[in-house]
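Colleague:
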Amino acid sequence: MDNISEKLKEREVAIMYKIPILSVLVLVLLSGGPAKATLIYEDWLVHDGDQYDILTVLNDATLGMTGGEVRRLYTNHASTLNFFDGTVSWLTASDTSTMYIYGGLTEHALILERESTVNLFGGTIGERVRISDSGRVNIYGYGFEFLADEGTGGISGLLSGHWLDHTPFTIRFEDLSKPFPGTQIQLIPEPSVFLLLCFGALILKRRNR
């Protein structure tokens, strides 16, 4: 009887250990396999035909993107992203990293964390921009108009305008720490508009003398 009891206990223990393993296997199969992360420590280029699941840019490396597809792209430390074309599903800037976005499609969200900076010259952001901590977005264009969501006090809303190449755009901002534009968003007019503003200020200054 003792031998039978011991064998039954061993079998129960074996089954208990198999259950978590089977659960992990099922999850992997359902998710289409484990996510593949690529860490970038040196300058790198993503171009047409390239496909990545997760890209993380580290240290002071610079990533250029002229095409291809990336599901999740992160810039950390003091790294830089130059985004010209291609598709990124989720784009996150963190630490003191800097992004220059000239084109391409950000399908879902652009997220800024810590002291990161994003410079927007073009491109399309499908869903929203979220800024936390001391992150900042510089937007280069003209004809800016911001329509705040009702009842949000200006911390969420839709910004419309034109890029410097005259292409119209709309960008949704959500859950800003301060009402738009606050200190997190800088609207930078096109050079000709900026020169006109400076010229107008000079004339007003002379008139006031």
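Position one of the sequence shown corresponds to residue 27 (the working numbering), numbered consecutively onward.
All residues carry an ideal CB built from backbone N, CA and C; glycine is no exception.
#1: Sort out for me which residues DSSP pairs isoleucine 181 with in a bridge.
#2: With which residues is asparagine 102 paired in a DSSP beta bridge?
#3: When the Cα atoms are used, what is the spatial distance from alanine 174 to leucine 131?
#4: Apply the 10 Å Cβ neighbour rule to glutamine 210 and answer buried if 16 or more other Cβ atoms are within range, or exposed otherwise.
#5: Which residue comes first and which comes last in the beta strand (DSSP E) that contains tyrosine 78?
#6: Would you identify the three-state DSSP class for leucine 71, choosing helix, strand or coil?
#7: What's the C-alpha gap between phenylalanine 109 and threonine 82?
#8: Could you tell me how far apart the beta carbons of isoleucine 127 and glycine 149 are, in whole angstroms, since I believe they sit closer than 8 Å?
#9: If we ignore side chains and look at the alpha-carbon of each, how far apart do threonine 92 and proline 207 end up?
#10: What do you reckon, is the C-beta of alanine 104 under 7 Å from a heavy atom of the ligand SAM?
#11: Should leucine 136 go down as buried or exposed, given a rule of 16 or more other Cβ atoms within 10 Å for buried?
#12: Is it the case that the Cβ atoms of glutamate 153 and arginine 198 are separated by a distance below 8 Å?
#13: Of the choices Glu95, Tyr168 and His73, whose alpha-carbon is the least far from that of leucine 190?
#14: Suppose you measure from the CA of aspartate 69 to the CA of glutamate 176; what does that come to, to the nearest Å?
#15: Going by other Cβ atoms of all chains shown within 10 Å of its Cβ, with 16 needed for buried, is alanine 87 buried or exposed?
#16: Per DSSP, what kind of secondary structure is alanine 87 in: helix, strand or coil?
#17: In this structure, does DSSP put phenylalanine 170 in helix, strand or coil?
#18: Quick check: what's the CA-CA separation for glycine 180 versus isoleucine 151?
#19: Consult DSSP for serine 120 and reduce its assignment to one of helix, strand or coil.
#20: Sorted by chain position, which residues of the same chain lie with C-beta nearer than 6 Å to glutamate 133's C-beta, five sequence neighbours on each side aside?
Modeller: Quick look at the numbers:
#1: The residue you call residue 181 lines up with position 155 of the sequence shown. In the DSSP output, where bridge partners are listed per residue, isoleucine 181 has none listed.
#2: By one-based count along the sequence shown, residue 102 stands at place 76. Looking at the DSSP assignment, asparagine 102 forms no beta bridge with any residue, so it has no partner.
#3: For the purposes of this step, residue 174 is taken as the residue at position 148 of the sequence shown. For the purposes of this step, residue 131 is taken as the residue at position 105 of the sequence shown. Answer to the nearest angstrom: the Cα atoms are 24 Å apart.
#4: Position 184 of the sequence shown, counting from 1, holds the residue named residue 210. Flag for glutamine 210 reads buried.
#5: Working through the sequence shown from its first residue, we reach residue 78 at position 52. Taken as a continuous stretch (DSSP letters only), the beta strand (DSSP E) holding tyrosine 78 covers 77 to 83.
#6: Mapped onto the sequence shown, residue 71 falls at position 45. Leucine 71: strand per DSSP, three-state reduction.
#7: Position 83 of the sequence shown, counted from the start, is the residue given in the question as residue 109. Position 56 of the sequence shown, counted from the start, is the residue given in the question as residue 82. Computed Cα separation, rounded: 14 Å.
#8: What you label residue 127 is simply residue 101 of the sequence shown in a count that begins at 1. What you label residue 149 is simply residue 123 of the sequence shown in a count that begins at 1. Yes, isoleucine 127 and glycine 149 are in contact; Cβ-Cβ is about 5 Å, under 8 Å.
#9: Position 66 of the sequence shown, counted from the first residue, corresponds to residue 92. Position 181 of the sequence shown, counted from the first residue, corresponds to residue 207. Going from the Cα of threonine 92 to the Cα of proline 207 covers about 30 Å.
#10: No copy of the ligand SAM occurs in the structure displayed, which carries no ligand at all.
#11: The residue you call residue 136 lines up with position 110 of the sequence shown. Under this definition leucine 136 is a buried residue.
#12: Along the sequence shown, read from residue 1 onward, the residue named residue 153 stands at position 127. Along the sequence shown, read from residue 1 onward, the residue named residue 198 stands at position 172. For glutamate 153 and arginine 198, yes; Cβs fall inside 8 Å.
#13: Counted from its first residue, the sequence shown places residue 190 at position 164. Nearest option by C-alpha distance: Tyr168.
#14: In the sequence shown, residue 69 corresponds to position 43, counting from 1. In the sequence shown, residue 176 corresponds to position 150, counting from 1. Using only the alpha carbons, I get a separation of about 44 Å.
#15: Here the question's residue 87 lines up with position 61 in the sequence shown. The residue is buried, with at least 16 neighbouring Cβ atoms inside 10 Å.
#16: In the sequence shown, counting from the first residue as 1, residue 87 sits at position 61. In this structure, alanine 87 counts as coil in the three-state DSSP scheme.
#17: For the purposes of this step, residue 170 is taken as residue 144 along the sequence shown, with counting starting at 1. Here phenylalanine 170 sits in strand by DSSP.
#18: For this step, residue 180 is matched to residue 154 along the sequence shown. For this step, residue 151 is matched to residue 125 along the sequence shown. The straight-line gap from Cα to Cα measures roughly 20 Å.
#19: Translated into the one-based positions of the sequence shown, residue 120 becomes position 94. Serine 120 falls in the coil class under three-state DSSP.
#20: For the purposes of this step, residue 133 is taken as residue 107 along the sequence shown, with counting starting at 1. Hits under 6 Å: Ser115 and Gly152.
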